[in-house]
Amino acid sequence: MTRDLRSHLPGDLQAPFTRPAGATEVLLVRHGSAAHQGLTSPDGPDVLEGQADPPLTPAGAAQAEAVARRLGQMAVDGVFVTSLRRTQQTAAPLAEALGLEPEVVADLREISLGELEGDEFERRRQAGDPVLARAFAEQRWDVIPGAESMHSFAQRVSRGLKRVADVVGPDAAAVAIVHGGVVAELCHQVTGSDRFAFVHVENASITTLLRTDEGRWRLRTFNDTAHLVEQPDRQRGEQPRSS
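Last residue of the sequence shown? That's 243 in UniProt numbering, and every number before it is there in order.
Put into structure tokens, the structure is as follows:
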């Protein structure tokens, strides 16, 4: 007997995307540019901050407004932030536009970078620190003294993502304002890529994950910055790098 495989045929592959029935859409937004003591100026290009807790810069606040304009007209069922204020400040304009109260999911906070928290990471990077060279060669942050283990980080961000999706449920969309390292780790988990394959995530960019009705995660978009084309730092060609 010949098997009828027609049920496996997809729909029109050229049609605009629509969320599949029963699926949950999670839009991961990296927070806006954050302030730091700086090697040049407090409002200059960002650095990796780990769990340091600086506020947004004026440029970061403008990025937050751009996110709100982009997503404020969407049907969003929940807004989520981490325990670090740069995510909460980024979420504020969007939450106001949507009339939603952000929920804190502490599991989605950035990885702790140990002795390289805050501006120290950038100082060491510019100095050619061999520990950082090893971190990128081995694709793991926990070679940094005092840093959180990759196992712990991976477990908690996976738990945090599940929490977000479970809160809004199927046939729904959530926006989670998170961190560059979190976006990179979740994309790695979903795609099975090299761990650092997705580390170049721009501030205020949007990455979209989809959980199917079977519970499988898919990466739909990565580092979408269409809403940031008018931002001054992008016009100057700068590459923000805060976490």
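For every residue, glycine included, the Cβ atom is placed at its ideal position computed from N, Cα and C.
Neighbourhood of residue i by C-beta distance below 8 Å, restricted to the same chain and skipping five residues each side
| i | result |
| --- | --- |
| Arg-6 | none |
| Ala-165 | Thr-24, Val-26, Ala-174 and Arg-211 |
| Glu-230 | Ala-66 |
| Val-190 | Leu-209, Trp-217, Arg-218 and Leu-219 |
In DSSP terms, what residue i is bridged to
| i | result |
| --- | --- |
| Ala-127 | In DSSP, Ala-127 forms no bridge with anything. |
| Ile-177 | Val-29 |
| Phe-90 | First, the amino acid is wrong: residue 90 is Thr here, not Phe. Answer by DSSP bridge pairing: none, since Thr-90 is not bridged. |
| Leu-219 | Leu-209 |
| Glu-103 | Phe-80 |
| Thr-24 | Ala-172 and Arg-211 |
| Ala-204 | Beta-bridge pairing links Ala-204 to no other residue. |
| Asp-224 | Ile-206 |
Pair within 8 Å by beta-carbon distance, residue i and residue j
| i | j | result |
| --- | --- | --- |
| Asp-171 | Ala-21 | yes |
| Val-104 | Gly-160 | no |
| Val-178 | Arg-69 | no |
| Pro-55 | Ala-34 | yes |
| Arg-109 | Leu-132 | no |
| Gln-139 | Asp-194 | yes |
| Val-199 | Gly-180 | yes |
Residue span of the beta strand (DSSP E) that contains residue i, given as start and end
| i | result |
| --- | --- |
| Gly-215 | Neither: Gly-215 is in no beta strand (DSSP E) and is coded neither H nor E. |
Own chain, CB closer than 6 Å to residue i, minus 5 neighbours either side, in chain order
| i | result |
| --- | --- |
| Ser-149 | Asp-142 |
| Pro-42 | Low confidence applies here, because Pro-42 scores a pLDDT of 45, under 50, leaving its location unreliable; read the following figure in that light. If we look at Pro-42 and ignore the five residues flanking it on each side, its Cβ neighbours are Ala-35. |
| Ala-95 | Val-79 and Pro-102 |
Continuous alpha helix (DSSP H) stretch holding residue i: start and end
| i | result |
| --- | --- |
| Leu-13 | Unbroken run through Leu-13: none, as it is neither H nor E. |
| Arg-69 | 58 to 71 |
Cutoff 7 Å; reference residue i; Cβ partners in own chain excluding five residues on either side
| i | result |
| --- | --- |
| Ser-205 | Arg-30, Asn-223, Asp-224 and Thr-225 |
Test: residue i CB closer than 8 Å to a CB of chain B
| i | result |
| --- | --- |
| Ala-52 | Reference to chain B is not applicable here, since this structure consists of a single protein chain. |
At 4 residues or longer, and completely inside the stretch 135 to 173: list those alpha helix (DSSP H) runs for me, N to C. 150 to 168
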